[in-house]
Amino acid sequence: MVRVQGSPLLSLLLVGLTLAIFAVDAFTPLDVAIAVMYVVVVLLSASVWRRRGVILTSAVCLGLTVLAYAFSHAAMFSGPASGRMVVSLAAIGIVAYLALRWQAATNALIAREEALHRSQSQLAHVTRVTMLGELAASIAHEVNQPLAAITTNGGASLRWLNRAEPDLDEARAAIGSVLEEAGRASEVIRRIRALARRSDPRHLPLSLNEVAQEAARLVRRELASHHVSLNLDLAPDLPQVCGDRVQLQQVLINLLMNAMQAMQHCAPGEALLLLQTRIHEQGGVVCSVADTGPGIPPEHLPKLFDAFFSTKEEGMGMGLPICRSIIETHGGRIWAGMPPRGAMLCFSLPVTEECSA
Ligand SMILES: Nc1ncnc2c1ncn2[C@@H]1O[C@H](COP(=O)(O)OP(=O)(O)OP(=O)(O)O)[C@@H](O)[C@H]1O
Ligand SMILES: [Mg+2]
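Note that the sequence shown covers residues 1 to 357 in UniProt numbering.
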């Protein structure tokens, strides 16, 4: 069920307004259709209460209109007063009907928007898992490295302990390294699990520099195996942004992977990637990923963020549209820059004092 925004203060105001209209209608000798003012109550109730509340409010308003008429004209029948009452009743009825229709349409719209957000986040999740699949080999290597170090240090500590005169200091140092490497391995697994998990986006205050470093760490090996060198130029004192860490990591990994793929034909040592963060002149923060690949032809720019636009044989054309939907739900903007060489994809995020969701 879709919730309608409500506030106790507005509810109180509505009750007060209803009573005030009734008092004027019943106890003052004004010859005007005061009861028509109940339409304001009905209209406001539609933005405070649900359907049942609006029906009840309308019924109360209709009842009070009749009651006020009975009160003020009980002694003597008045044609004009009866006419005014009928007009008021009709107005309240029509407005109640329209308010209910409006409320139903608004609720349907909100429900559709929520469904759209849900499918967008599901799509983002599916592509994130696909992306992890592409990175599987380098991730396995990333985990394997500390495991190898654990084996070496474990063996060494056993040897130190098995000596005729055990060297406890050396054994202790080797076990310390085992623990350190185990921590590294579980940190890699934690990062992968966070990316693979399907959870609703959670917007929290975070440092874009940290997100950039984490994303770089995840693709570092993949980049190295493609002879791409990555440089990070992160602005110090970058203000925090409000965002979902996993989704923003996904955006950065997408941009880094695109850049890496674009540079596949670069001569050795010429495939350079620069990941920068900086404060935007108009407020907010900007992150850019620049490469030394062939760049983006101007005729591709208008459809770059369209779903299924891809120039790659195996490309799905979903990377950039998903980046755009993520950045836009963060209140930011994503665009392709115009560097003198290669391509540059940038996105901006607003700096917010408080995180709402
Ligand atoms: N750094 C870049 N340099 C040159 N072209 C790029 C770059 N980044 C994106 N593009 C172009 O934009 C297109 C769309 O990118 P997008 O990430 O949306 O899809 P894709 O990489 O083709 O497929 P996938 O869905 O697997 O990511 C790419 O096919 C490529 O032509
Ligand atoms: Mg891509």
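The C-beta atom is built at its ideal place from N, Cα and C for all residues, glycine as well.
This structure is a prediction, so every number in the text was calculated from the model and none was measured.
**OP:** Along the beta strand (DSSP E) that carries Met344, what are the first and last residues, could you check?
**Re:** Taking the first residue of the sequence shown as position 1, residue 344 is located at position 344. Note, Met344: beta strand (DSSP E), 344 to 349.
Original post:
What three-state label does DSSP hand Gly332 in the structure shown?
Top reply: Against the sequence shown, residue 332 aligns to sequence position 332. In this structure, Gly332 counts as coil in the three-state DSSP scheme.
Subject >> Buried or exposed (CB count within 10 angstroms, at least 16 for buried), Ser157 >> reply: If you number the sequence shown from 1, residue 157 lands on position 157. In this structure Ser157 is buried. Its beta-carbon is surrounded by 16 or more other beta-carbon atoms within 10 angstroms.
Original post:
Any idea which residues DSSP pairs Pro205 with across the strands?
Top reply: As a working mapping, residue 205 is identified with position 205 in the sequence shown. For Pro205, which the question treats as bridged, DSSP gives the partners Cys242.
Original post:
First and last residue of the beta strand (DSSP E) that includes Arg278?
Top reply: Within the sequence shown, the letter at position 278 stands for residue 278. Membership of Arg278 in the beta strand (DSSP E) is indicated by the continuous run 272 to 279.
**OP:** Can you list the residues near ligand 2, meaning Cβ strictly closer than 5 Å to any non-hydrogen atom, in the order they appear in the chain?
**Re:** Asn258, Gly319
**OP:** Please report the residue range of the alpha helix (DSSP H) in which Asp237 lies.
**Re:** Along the sequence shown, read from residue 1 onward, the residue named residue 237 stands at position 237. Careful: Asp237 lies outside any alpha helix (DSSP H) and carries neither H nor E.
Subject >> Stretch pair the region 166 to 178 + the region 214 to 225: three plus CB contacts closer than 8 Å >> reply: No: fewer than three Cβ pairs fall under 8 Å.
Original post:
What is the rounded straight-line gap between the Cα of Gln122 and the Cα of Arg198?
Top reply: Numbered from its first residue, the sequence shown carries residue 122 at position 122. Numbered from its first residue, the sequence shown carries residue 198 at position 198. If I take the Cα positions, the gap works out to 8 Å.
**OP:** Within the region 117 to 174, note down every full alpha helix (DSSP H) run reaching 4 residues or more, in order along the chain.
**Re:** Taking only runs of at least 4 residues, the alpha helix (DSSP H) segments lying wholly in the region 117 to 174 are 136 to 162.
Original post:
What residues in its chain sit with their C-beta under 8 Å from that of Arg159, if we drop five residues either side in the sequence?
Top reply: Taking the sequence shown and counting its residues from 1, the one referred to as residue 159 is at position 159. Answer for Arg159: no residue qualifies.
**OP:** Measure the Cβ-Cβ separation of Gln103 and Ala46 and say whether it is below 8 Å.
**Re:** Counting from one through the sequence shown, the residue named residue 103 turns up at place 103. Counting from one through the sequence shown, the residue named residue 46 turns up at place 46. Yes; because the gap between Cβ atoms is below 8 Å, this pair is in contact.
Original post:
What distance in whole Å lies between the Cβ atoms of Ala212 and Leu234, which are believed to be in contact at a cut-off of 8 Å?
Top reply: As a working mapping, residue 234 is identified with position 234 in the sequence shown. As a working mapping, residue 212 is identified with position 212 in the sequence shown. Yes, they are in contact, since the Cβ atoms of Leu234 and Ala212 sit about 6 Å apart, within 8 Å.
Subject >> Validate contact between the region 98 to 117 and the region 40 to 55 using beta carbons, cut 8 Å, 3 pairs >> reply: Using a Cβ-Cβ distance cut-off of 8 Å, the region 98 to 117 and the region 40 to 55 are in contact, since at least three pairs of beta carbons, one from each stretch, lie closer than that value.
Subject >> Rounded C-alpha distance that separates Lys303 from Phe309 >> reply: As a position in the sequence shown, residue 303 is number 303, starting the count at 1. As a position in the sequence shown, residue 309 is number 309, starting the count at 1. Those two C-alpha atoms are separated by around 7 Å.
**OP:** Excluding the 5 residues preceding and the 5 following Val4 in the sequence, name in chain order all residues of the same chain whose CB lies nearer than 6 Å to its CB.
**Re:** Residue numbering aside, residue 4 sits at position 4 when the sequence shown is read from its first letter. Here the model assigns Val4 a pLDDT of 47, short of 50, so the residue's position is not dependable, and the following value carries that caveat. Taken in chain order, the residues that qualify are Arg50.
Original post:
Can you name, in chain order, every residue of its own chain whose Cβ lies under 7 Å from the Cβ of Glu214, other than the five neighbours on each side?
Top reply: For the purposes of this step, residue 214 is taken as the residue at position 214 of the sequence shown. The residues are Arg191, Gln249.
Original post:
Relative to the C-alpha of Pro298, which residue among Leu273, Pro339, Cys323, Thr151 is closest?
Top reply: The count along the sequence shown starts at 1 and reaches residue 298 at position 298. Checking every option, the nearest Cα to that of Pro298 belongs to Pro339.
Original post:
Just to check, is the beta-carbon of Ser177 closer than 7 Å to a non-hydrogen atom of ligand 1?
Top reply: Sequence index remark: in the sequence shown, residue 177 carries index 177 (1-based). Ser177 Cβ: outside cutoff for every heavy atom of ligand 1.
Original post:
Under a three-way DSSP split, which group does Ala20 fall into?
Top reply: As a working mapping, residue 20 is identified with position 20 in the sequence shown. Helix at Ala20.
Original post:
Nearest CA to the CA of Val178: which residue from Gly155, Ile189, Thr65, Ala290?
Top reply: The residue labelled residue 178 in the question sits at position 178 within the sequence shown. Put simply, of Gly155, Ile189, Thr65, Ala290 the residue whose alpha carbon is nearest the alpha carbon of Val178 is Gly155.
Original post:
Within the present structure, is the beta-carbon of Ile327 separated from the nearest heavy atom of ligand 1 by less than 7 Å?
Top reply: For the purposes of this step, residue 327 is identified with residue 327 of the sequence shown, where counting begins at 1. Outside the cutoff, so no.
Original post:
Comparing alpha-carbon positions, which option in Arg341, Ala68, Leu43, Ile94 lies nearest Ala33?
Top reply: Within the sequence shown, the letter at position 33 stands for residue 33. Of the residues Arg341, Ala68, Leu43, Ile94, the one whose Cα lies closest to the Cα of Ala33 is Ala68.
**OP:** Identify every residue that forms a DSSP beta bridge with Ile290.
**Re:** As a working note, residue 290 is residue 290 in the sequence shown. According to the sequence displayed, residue 290 carries Ala and not Ile. DSSP output for Ala290 lists Leu274, Met344 as bridge partner(s).
Subject >> In DSSP terms, what Leu230 is bridged to >> reply: As a first step, residue 230 must be located in the sequence shown, where it is residue number 230. Leu230 pairs with Leu273.
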